[in-house]
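These notes concern the structure reproduced below.
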Amino acid sequence: MVFVGTAVMMDLRFLGVTFKSVPVPEFTRRMLPWTRGSFAVMALTGGLIFYAAPVRYCHNVFFRIKVVLLVAAGVNIWWFHMRTNRDVEEWDCDPIPPRAVRIPVATSLFVWAFIVVSGRLIAYNWFDCGIQPQSDFVNWISGCILPTDLLTD
Numbered sequence: 017m018v019f020v021g022t023a024v025m026m027d028l029r030f031l032g033v034t035f036k037s038v039p040v041p042e043f044t045r046r047m048l049p050w051t052r053g054s055f056a057v058m059a060l061t062g063g064l065i066f067y068a069a070p071v072r073y074c075h076n077v078f079f080r081i082k083v084v085l086l087v088a089a090g091v092n093i094w095w096f097h098m099r100t101n102r103d104v105e106e107w108d109c110d111p112i113p114p115r116a117v118r119i120p121v122a123t124s125l126f127v128w129a130f131i132v133v134s135g136r137l138i139a140y141n142w143f144d145c146g147i148q149p150q151s152d153f154v155n156w157i158s159g160c161i162l163p164t165d166l167l168t169d
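Just so you know, we're using our numbering here: the sequence shown kicks off at 17 and counts up by one.
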């Protein structure tokens, strides 16, 4: 929650919704160490949880969605810091930042919200491979190998 909380606070500042009187470089200077540190803790603990039952998680639809969303969030963060945030001095005191800033930031809020939701849904086994019959699409997206698949290959 520390990571998501600091990320949301920074995103809201970049959208011009909160902390309007604080210049963006000053705000990020204060928040980014917390965000980076909490991301490291989150990645470490998430990796340990995955290590506990990797096969179960690899076949979980919500885990797969979360991984895709994490990659999308990483690309969005890279794009923002490499492209959009370069000219921060030009707009850091503007009450509402330019559209080129707001679009990746709104995307960040959207993606992180769905990462949290899909992460919470991992605990539910609605689409586990052991629960059959399921549609071919669910079996495909879950990566389930059914005994009939073994016979045809």
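Glycine included, each C-beta is placed from N, C-alpha and C at the ideal position.
Values in this document were obtained by computation on a predicted structure and should not be read as measured data.
Taken through DSSP and simplified to helix, strand or coil, Gly146 comes out as coil. Exposed is the label assigned to Ile112, since fewer than 16 other Cβ atoms lie within 10 Å of its Cβ. Within a 10 Å sphere around the beta-carbon of Val40 sit 16 or more other beta-carbons, which makes this residue buried. Taking a 10 Å sphere around the C-beta of Met26, we find 16 or more other C-beta atoms and assign the residue as buried.
With contacts defined by Cβ atoms closer than 8 Å, Cys74 and Gly21 do not form a contacting pair.
With a cutoff of 8 Å on beta-carbon distance, Ala89 and Ile119 are scored as not near each other. Here Thr61 is exposed, its C-beta having fewer than 16 other C-beta atoms within 10 Å.
One Cα belongs to Ala59, the other to Phe19, and the distance between them is close to 10 Å. Under the 10 Å beta carbon count, Arg29 is surrounded by 16 or more other beta carbons and is classified as buried.
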